[in-house]
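A.B. asks: What follows is a structure written as structure tokens; I'll ask about it next.
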Ligand SMILES: [Fe+2]
Ligand SMILES: [Fe+2]
């Protein structure tokens with residue numbers, strides 16, 4: 056049958072200019088790079104005292120299609136494991152009950168950070184003017200949406216398949232009275248989204264992600280596994296594989312402002328403040344969660360802290376930024392003292408204030424008291440004797456009428 060003139064014209068044109076049937080990822084990346092913004096008139100709702108350069112690169116150069124393919128594989132593995140094998144082996148009920156309480160805190164609190172990271176990276180996307188840098192921030196926004204869902208899913212899973220739903224499913228009922236919530240709001244909410252955009256990036260990416268996600272998301276998986284929890288490592292390690300790109304975004308934020316004279320004026324102070332504010336919360340909270348919230352111990356928190364916060368972050372990561380004029384913050388040295396004792400003080404007051412929490416805390420057993428004394432010489436004299444007194448006065452039995460907070464008042468013990 057004869058074809059129409061129009062069809063023939065189209066067929067002939069296609070024979071000369073072949074329609075693409077596939078496209079190379081790098082070609083797409085080059086095409087994306089060719090997008091430009093009108094830098095002179097580039098306006099942002101979120102200005103910064105620093106000037107971000109227009110030609111900043113992004114190390115991972117992820118394009119949307121590769122990104123979506125990679126993340127869907129990760130999601131399939133993670134949800135597949137959770138819904139199939141982990142449910143069949145009744146993983147939720149194999150978690151040590153003490154650790155089950157700890158995951159109520161960790162997953163609910165991490166969700167706060169992930170949720171605010173969505174807004175923070177959206178803001179950075181708006182503030183930056185280099186196409187690659189915008190691309191990096193945008194991929195991170197998508198990641199943080201994923202992570203918010205993942206943290207919510209951990210609590211959903213523990214609620215549905217675990218041994219004790221209360222606290223996994225209703226943690227927010229105590230957010231106006233629980234002191235731990237207030238600190239979380241300061242470090243992982245306000246710190247990420249309030250004020251200067253670059254300062255928010257320093258809080259989120261340079262300190263929050265590059266420094267504290269290692270203990271918060273990686274060390275926690277070791278403690279979880281040691282305490283019978285296969286659920287948390289399945290989800291949290293899937294989250295952490297994205298965090299590497301986020302740390303790189305933080306690095307590139309610094310590169311983008313390094314030549315701006317504002318950097319020599321403000322950068323050191325902003326970094327010092329961000330680190331100090333965040334460590335003041337995470338150093339005690341993580342140490343308490345691991346050591347007092349587990350039955351089986353992995354290693355003393357002070358050792359983990361020293362390796363990942365002091366050496367890896369303060370030394371190696373910040374060291375790499377040395378060529379851009381960034382020095383390790385002075386507050387790192389003071390923080391070292393907190394790494395030894397702050398979490399012990401926090402547990403003392405957290406236990407005394409248990410009615411303001413949404414999770415259970417238990418006093419250390421005799422075996423655990425020995426572990427504390429062995430790893431923190433002087434612990435028993437300073438803390439152990441207090442727990443012995445509380446126990447003797449019946450703090451574990453509500454009928455005794457003794458609340459440990461009374462002890463603080465009786466002894467005028469500083470909080
Ligand atoms: Fe995240
Ligand atoms: Fe992140």
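Residue numbers (this note's numbering): 56 to 470.
For each residue, glycine too, the CB sits at the ideal point set by N, CA and C.
1. Under 7 Å: does the beta carbon of residue 294 sit that close to some heavy atom of ligand 1?
2. So residue 285 and residue 146 are in contact, right, with Cβ under 8 Å, and what is the actual spacing, rounded?
3. Count the other C-beta atoms from every protein chain shown that fall within 10 angstroms of the C-beta of residue 389, then say buried if there are 16 or more, exposed otherwise.
4. What did DSSP end up calling residue 136 once you bin it into helix, strand or coil?
5. Of the residues 462, 321, 113, 343, which one's Cα is nearest the Cα of residue 271?
6. Taking 7 Å as the cut-off, is the C-beta of residue 172 nearer than that to any heavy atom in ligand 4?
7. Measuring CB to CB, does residue 241 end up less than 8 Å from residue 336?
8. Would you give the residue range spanned by the alpha helix (DSSP H) that residue 254 belongs to?
9. Grab the span of the alpha helix (DSSP H) containing residue 177 for me, first residue to last.
10. For ligand 2, I want to know if residue 195 counts as a neighbour, meaning its beta carbon is within less than 7 Å of at least one of the ligand's heavy atoms.
11. Where in the region 256 to 335 do unbroken runs of the beta strand (DSSP E), each at least 3 residues long, occur, reported from the N-terminal end onward?
12. Go ahead and pull the three-state DSSP assignment for residue 79.
13. Anyone know if the C-beta pair for residue 244 and residue 190 falls short of 8 Å?
14. Cβ atoms of residue 256 and residue 179: under 8 Å apart, would you say?
15. Please say whether residue 233 and residue 412 have beta carbons closer to each other than 8 Å?
16. Let's test the definition: count the other Cβ atoms within 10 Å of the Cβ of residue 113 and tell me whether it reaches 16, buried, or not, exposed.
17. So, at 7 Å on beta carbons, what are the nonlocal neighbours of residue 177 in its own chain, with the 5 sequence-adjacent residues on each side left out?
18. Does the Cβ of residue 490 have 16 or more other Cβ atoms within 10 Å, making it buried, or fewer, making it exposed?
19. For residue 387 versus residue 405, is the C-beta distance shorter than 8 Å?
20. Comparing C-alpha positions only, which one of 226, 249, 357 sits nearest to residue 429?
21. Mark residue 81 as exposed unless 16 or more other C-beta atoms lie within 10 angstroms of its C-beta, in which case mark it buried.
22. Are the beta-carbon atoms of residue 372 and residue 265 separated by less than 8 Å?
23. Please check the pair residue 275 and residue 287, which I expect to be a contact at CB under 8 Å, by giving their CB distance rounded to whole angstroms.
24. Buried or exposed for residue 183, going by 16 or more other Cβ atoms inside 10 Å?
25. Any idea what DSSP makes of residue 107, helix, strand or coil?
26. At a cut-off of 7 Å, would you count residue 113 as near ligand 2, judging by its Cβ distance to the nearest heavy atom?
27. Nearest to residue 441 by CA position, among 456, 423, 452, 418, is which residue?
28. With distances taken from CA atoms, which of 159, 466, 263, 149 is nearest residue 236?
29. For the alpha helix (DSSP H) containing residue 69, list its first residue and its last residue.
30. Shorter than 7 Å, the distance from the beta carbon of residue 254 to the closest heavy atom of ligand 2, or not?
31. Sorted by chain position, which residues of the same chain lie with C-beta nearer than 8 Å to residue 173's C-beta, five sequence neighbours on each side aside?
32. DSSP three-state label for residue 406, please.
33. Looking only at its own chain, which residues have a Cβ that is under 8 Å from the Cβ of residue 214, when we skip the five neighbours before and after it?
34. Please classify residue 131 as buried or exposed, where buried requires at least 16 neighbouring CB atoms within 10 angstroms.
C.D. replies: The answer reads as follows:
1. yes
2. Rounded to the nearest angstrom, the Cβ distance from residue 285 to residue 146 is 5 Å, consistent with a contact under 8 Å.
3. Sixteen is the threshold: since fewer than 16 other Cβ atoms of the shown chains lie within 10 Å of the Cβ of residue 389, the residue is exposed.
4. helix
5. 343
6. The model on display carries ligand 1 and ligand 2 but not ligand 4.
7. Cβ distance < 8 Å, so residue 241 and residue 336 count as in contact.
8. First-last of the alpha helix (DSSP H) with residue 254: 252 to 256.
9. 152 to 182
10. Within the cutoff, so yes.
11. none
12. coil
13. no
14. yes
15. With respect to residue 233, residue 412 sits close: the two C-beta atoms are nearer than 8 Å.
16. buried
17. 196
18. Lying before the first or after the last residue shown, residue 490 is absent from the chain, which here runs from 56 to 470.
19. no
20. 357
21. Burial call: exposed.
22. Going by C-beta atoms, residue 372 is nearer than 8 Å to residue 265.
23. That belief holds up - the Cβ atoms of residue 275 and residue 287 are roughly 7 Å apart, short of 8 Å.
24. Around the Cβ of residue 183, a 10 Å sphere holds 16 or more other Cβ atoms; the residue is buried.
25. coil
26. no
27. Nearest of 456, 423, 452, 418 to residue 441, Cα basis: 418.
28. The candidate whose alpha carbon is nearest that of residue 236 is 159.
29. Here the alpha helix (DSSP H) through residue 69 covers 60 to 71.
30. no
31. Only 196, 199, 200, 203 meet the Cβ criterion.
32. Looking at residue 406 - three-state DSSP - the assignment turns out to be helix.
33. 220, 223, 224
34. Classification for residue 131: exposed.
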